[in-house]
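One structure is given here, and the rest of the page talks about it.
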Amino acid sequence: MQQVRAVIARAKGAPVELVTINVPDPGPGEAVVAVQACGVCHTDLHYQQGGINDEFPFLLGHEAAGIVEAVGEGVTEVAPGDFVVLNWRAVCGECRACKRGEQQYCFNTANATQKMTLEDGTELTPALGIGAFADKTLVAAGQCTKVDPSARPAAVGLLGCGVMAGIGAAINTGGATRGKSVAVIGCGGVGVAAVAGAALAGSSPIIAVDIDPKKLETAKKLGATHTVDSSKVDPVEAIREISAKTYPGAEGADIVIEAVGRPETWKQAFYARDLAGTVVLVGVPTAGMMVPELPLTDVFGRGGSLKSSWYGDCLPSRDFPMLVDLYQQGRLDLDAFVTEEISIDGVEAAFERMHGGDVLRSVVVL
Numbered sequence: 001m002q003q004v005r006a007v008i009a010r011a012k013g014a015p016v017e018l019v020t021i022n023v024p025d026p027g028p029g030e031a032v033v034a035v036q037a038c039g040v041c042h043t044d045l046h047y048q049q050g051g052i053n054d055e056f057p058f059l060l061g062h063e064a065a066g067i068v069e070a071v072g073e074g075v076t077e078v079a080p081g082d083f084v085v086l087n088w089r090a091v092c093g094e095c096r097a098c099k100r101g102e103q104q105y106c107f108n109t110a111n112a113t114q115k116m117t118l119e120d121g122t123e124l125t126p127a128l129g130i131g132a133f134a135d136k137t138l139v140a141a142g143q144c145t146k147v148d149p150s151a152r153p154a155a156v157g158l159l160g161c162g163v164m165a166g167i168g169a170a171i172n173t174g175g176a177t178r179g180k181s182v183a184v185i186g187c188g189g190v191g192v193a194a195v196a197g198a199a200l201a202g203s204s205p206i207i208a209v210d211i212d213p214k215k216l217e218t219a220k221k222l223g224a225t226h227t228v229d230s231s232k233v234d235p236v237e238a239i240r241e242i243s244a245k246t247y248p249g250a251e252g253a254d255i256v257i258e259a260v261g262r263p264e265t266w267k268q269a270f271y272a273r274d275l276a277g278t279v280v281l282v283g284v285p286t287a288g289m290m291v292p293e294l295p296l297t298d299v300f301g302r303g304g305s306l307k308s309s310w311y312g313d314c315l316p317s318r319d320f321p322m323l324v325d326l327y328q329q330g331r332l333d334l335d336a337f338v339t340e341e342i343s344i345d346g347v348e349a350a351f352e353r354m355h356g357g358d359v360l361r362s363v364v365v366l
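Take 1 as the starting number for the sequence shown in UniProt numbering and just add one per residue.
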């Protein structure tokens, strides 16, 4: 067992705390990872605010990269010294999704069996089964994905959640490709990653929608061909107009990605897609939100697909190394997502900047 620094949320809405925790030696199927960098994701804020569950205290942090320090019995995927990006989809290989060859939908993903604890023995609940606002963390070995060790940890660690969710929502879930138009409603971290994914796939036009000019400017830098300030114009009409200029007769974009997680913006996405188009919900709704009422004739008459995207429907072992390679080649600008690098005692202040929309990602560097 080791003792390390870590950031926890002790109670609902309480400020986070930097404390000492106990990290067990890895058991069978587990690995201890020395964390090098970890992004401050909105999901961590949800945990702090009690929006995920009430299993306090939480060990926060999950968008992380680091070095495997030790592995337990039976671990063959990684070895000490490997540079890895952590993921929360350690596929089981045995559930019905895995057995039919759809491991990206694994219904029984693995976490470490042992618990990290406070010094007094209180068990911690790691965010998304990771808990990486810490010098070291204990995870299931399958949560470690080996990538190019020369890559910048602060950038590639973001593939662990938000960036992968957005890129995957566009490519894996939405099916973005050449010859298809894409609109993204909500240009926070996940939304602009969806823009980047659509650009990577060669889609055009790529229409970014938000009410914040700063976020729209970032979306342009990451590949948006058009921007729409939905505080000033009807986004549905704007998306239809832009799409029709490229594809005459189009009644919207082929793929509309909702990256906000609100009923009103989801309804906009529904009506902003072309006939037989696809709506992808990747924004995370809160409890109590309901799908808005829609005439069933509209659901039937417009055809197409209404999808939710789980983690960008990614398979970490397939997608992380590929995206890191694209980053290393200069074809995917992961550095653009890193607004600032902060120390481990700066998480609470980073949450405040997140509220203000001042950052795309703050990244804790250890």
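The C-beta atom is built at its ideal place from N, Cα and C for all residues, glycine as well.
message: What does DSSP give as the partner residue(s) for residue 123 in the beta ladder?
response: Beta-bridge pairing by DSSP links residue 123 to 117.
query: Using 8 Å as the Cβ pair cut-off and three pairs as the minimum, do the segment 247 to 266 and the segment 189 to 199 touch?
result: Yes, since at least three Cβ pairs between the segment 247 to 266 and the segment 189 to 199 fall closer than 8 Å, the two stretches touch.
query: Could you give the C-beta distance for residue 406 and residue 331, rounded to a whole number, given that I count them as a contact under 8 Å?
result: No answer is possible for residue 406: the residues shown for the chain start at 1 and end at 366.
query: Is the beta carbon of residue 246 less than 8 Å from the beta carbon of residue 175?
result: The Cβ atoms of residue 246 and residue 175 lie no closer than 8 Å to each other.
- request: Within 10 angstroms of the Cβ of residue 268, are there 16 or more other Cβ atoms? Answer buried if so, exposed if not.
  value: Buried, by the Cβ-count rule.
task: Take residue 239 and list the residues in its own chain whose beta-carbon comes closer than 8 Å to its own, dropping the five residues that flank it on each side.
output: These residues qualify, in order along the chain: 183, 207, 209, 228, 252, 253, 256, 272.
message: Output needed for residue 151: all residues of its chain with C-beta closer than 7 Å, excluding positions within five of it in sequence on either side, in chain order.
response: Closer than 7 Å at the Cβ level, and outside the excluded window around residue 151, lie 324, 327, 328.
Classification of residue 107 by the beta-carbon crowding that lies within 10 angstroms, buried from 16 upward: Exposed, by the Cβ-count rule.
- prompt: Rounded C-beta distance between residue 366 and residue 37? I'm assuming under 8 Å.
  reply: About 7 Å separates the two Cβ atoms, so the contact holds.
query: Considering residue 349, what are the terminal residues of the alpha helix (DSSP H) in which it resides?
result: Unbroken alpha helix (DSSP H) run through residue 349: 347 to 355.
field: Whole-angstrom distance between residue 10 and residue 341, CA atom to CA atom
entry: Distance between the alpha carbons of residue 341 and residue 10: 24 Å.
field: Option in 3, 73, 15, 1 with minimal Cα separation from residue 345
entry: When 3, 73, 15, 1 are compared, the shortest CA-CA separation from residue 345 is found for 15.
- request: Find out if the Cβ-Cβ distance for the pair residue 204, residue 225 is shorter than 8 Å.
  value: Their beta carbons are under 8 Å apart, which means residue 204 touches residue 225 by this criterion.
field: Nearest candidate by alpha-carbon position, reference residue 296, set 285, 321, 310, 270
entry: Closest by alpha carbon: 270.
query: Do the segment 125 to 134 and the segment 281 to 301 meet, that is, are 3 or more Cβ pairs less than 8 Å apart?
result: Judged by Cβ distances under 8 Å, the segment 125 to 134 makes no contact with the segment 281 to 301, as fewer than three pairs qualify.
- request: Report the option in 292, 144, 242, 83 whose CA atom is closest to the CA atom of residue 31.
  value: For residue 31, the nearest C-alpha among the options comes from 144.
Closest by C-alpha distance to residue 301, when choosing among 318, 310, 275: Selected option, being the one with the closest Cα: 275.
field: Proximity below 8 Å, CB of residue 85 to CB of residue 78
entry: Not closer than 8 Å, so no.
task: Determine which residues share a DSSP beta bridge with residue 86 and list them.
output: Its beta-bridge partners are 144.
query: Is residue 215 buried or exposed, if buried means 16 or more other CB atoms sit within 10 Å of its CB?
result: When all chains shown are included, residue 215 counts as buried.
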